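**Student:**
Number of protein chains: 2
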Amino acid sequence: MTTGVRRRMGVDERRQQLIGVALELFSQRSPDEVSIDEIASAAGISRPLVYHYFPGKLSLYEAALKRAADDLAGRFVEPREGPLGARLLRVMRRYFDFVDEHGPGFSALMRGGPAVGSTTTNALIDAVRQAAYVQILSHLGVTDPPARLELVVRSWISLAESTALIWLDGRRIPRRELEVQLVHDFAALAAVSAAHDEEMGALLRGALADEPADGPFTDLVGRLVALAS
Amino acid sequence: MTTGVRRRMGVDERRQQLIGVALELFSQRSPDEVSIDEIASAAGISRPLVYHYFPGKLSLYEAALKRAADDLAGRFVEPREGPLGARLLRVMRRYFDFVDEHGPGFSALMRGGPAVGSTTTNALIDAVRQAAYVQILSHLGVTDPPARLELVVRSWISLAESTALIWLDGRRIPRRELEVQLVHDFAALAAVSAAHDEEMGALLRGALADEPADGPFTDLVGRLVALAS
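Protein chains in written order, with UniProt numbering: chain A, 1 to 229; chain B, 1 to 229.
1) Along the alpha helix (DSSP H) that carries B/H139, what are the first and last residues, could you check?
2) Identify every run of the beta strand (DSSP E) within the stretch 81–112 of chain A, keeping only runs that are complete inside it and at least 3 residues long; order them along the chain.
3) What's the call for B/P79, buried or exposed, on a 16-neighbour Cβ count within 10 Å?
4) When Cβ atoms are compared, which residues of the stretch 154–180 of chain A fall closer than 7 Å to chain B?
5) Does any residue of chain B bring its CB to less than 8 Å from the CB of A/P48?
6) Output the boundary residues of the alpha helix (DSSP H) element that contains A/E198.
7) For a quick check, are the C-beta atoms of B/L72 and B/F96 less than 8 Å apart?
8) Counting contacts by CB-CB distance shorter than 8 Å, is A/V134 in contact with chain B?
9) Answer yes if the stretch 58–77 of chain A comes into contact with the stretch 190–203 of chain A, meaning at least three C-beta pairs across the two stretches below 8 Å, and no otherwise.
10) Grouping DSSP H, G and I as helix and E and B as strand, with all else coil, what is B/D185?
11) Quick one: is B/G85 buried, meaning 16 or more other Cβ sit within 10 Å of its Cβ, or exposed?
12) Is the beta carbon of A/L151 sitting closer than 8 Å to the one on B/I173?
13) Within 10 angstroms of its Cβ, does B/V11 collect 16 or more other Cβ (buried), or is it exposed?
14) Does the stretch 153–173 of chain A come into contact with the stretch 155–175 of chain B, if we say contact requires no fewer than three beta-carbon pairs (one atom in each stretch) closer than 8 Å?
15) Comparing C-alpha positions only, which one of A/G82, A/R75, A/R148, A/E33 sits nearest to A/K57?
16) Could you work out which residues of chain B lie near A/S193, taking near to mean beta carbons separated by less than 8 Å?
17) Exposed or buried, A/R176, counting other C-beta atoms within 10 Å across all chains shown (16 or more means buried)?
18) Using only CA atoms, which one of A/V50, A/I136, A/E38, A/S27 lies nearest to A/R14?
19) With DSSP as the reference, label A/G74 as helix, strand or coil.
20) Taking A/V153 as the reference, give the member of A/G170, A/A42, A/E24, A/A190 with the closest Cα.
21) Under three-state DSSP, which class holds B/G20?
22) According to a CB-to-CB cut-off of less than 9 Å, which residues of the stretch 53–69 of chain A neighbour chain B?
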């Protein structure tokens, strides 16, 4: 049924195209600096037509953010197989892939971008954090986390965010090193909590029971003992 | 020169009074829920008079936030005497005092309060983080921090923020435990970084050289070694 002339897109198809174009521009430069004119031009349509699909830049920004949030949450999903340290390391690699791909947009969002304070934006950010939290608990095999475990997991998630933001600001440390370091940071924060609380100690010993001698957790303990001696 | 009738306040004095009244209300309930009428009533003046001193609630909120930020930054100042772990622990106690006193306002601000996204608010939050960063470097005796030290210090500051926020949400863990835990977290994150980088290792060994056998750092290493064995 192609006629040789440019096919007219349906409403949903056009919206999806605009979201994709906007997300790519918002990922390359701070969203503050991207105009609707630019988005229209990159999509090959007129400025008024963009407004036909999205009432304003904020709604297009939020739609792009929704797609990015779904993408990121999807990268947290990891098969429940093999040692925990190796699983977390694979997730960290995909997390830094995402941060690398969306650098300027990620920084602007987390440091206070155009839509910060909007209810939609905050809800999207919280949903991604919650997705990370749920994944980690599921890999630990915990359904009813004690308060100290919730604290360790949620505060580590915020540590991973700030580590990524600091990395983006100049990229002065190789990301491969930071990916491993965040796995070690998780183990270290859990170990500190376990050092204060017997329930956390039992949880951590259970989680580490299947760690291989060459895994990242075992690697960390060896390094810490060497440093302390 | 008192006349027995209520003395009329000068402009600056009245502004300072309103800031104090507003800060107290913003500290007890989320600033979203505090009205100008309430502030006027608590200050014993009329609503229009409040607007005479502050053009709107945002400007009064920002002034209250400025005072709270200065207060918090002041609590980071600690004499450069004695072991580092004990110094950091004293700062953590004062930090939790502040968080405790300003709970609802602190939560609302850090989770996305009425003025989040405002340039003034973001600048005030950044200034407090920077004050914490500068204090820590100064206690470590470092003037030109390598990238990995900057990462450890700044990401630990964000960990301290998220730990305080999670604590405020239900207060399910005793704050005294979290104050010590954050000191241990700092040591643990520094140790992870030192395990990856020789320069960080030398820095950490220097910092720990003066730690007493009963200090929080030594305590942590003992607990970690016990846990690993």
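Yeah, the Cβ is synthetic: ideal placement off N, Cα and C, and Gly gets one too.
Since we're looking at a predicted model, the values are computed, not measured.
**Tutor:** According to the data block:
1) 119–140
2) none
3) exposed
4) R154, S155, S158, L159, S162, T163, I166, R172, I173, E177
5) Chain B places no beta carbon closer than 8 Å to that of A/P48, leaving this residue out of the contacts.
6) 198–208
7) no
8) no
9) no
10) helix
11) buried
12) yes
13) exposed
14) yes
15) A/E33
16) Q181
17) exposed
18) Residue A/V50 is the option with its Cα nearest to A/R14.
19) Residue state, collapsed to three classes: helix.
20) Of the candidates A/G170, A/A42, A/E24, A/A190, A/A190 places its Cα closest to the Cα of A/V153.
21) helix
22) none
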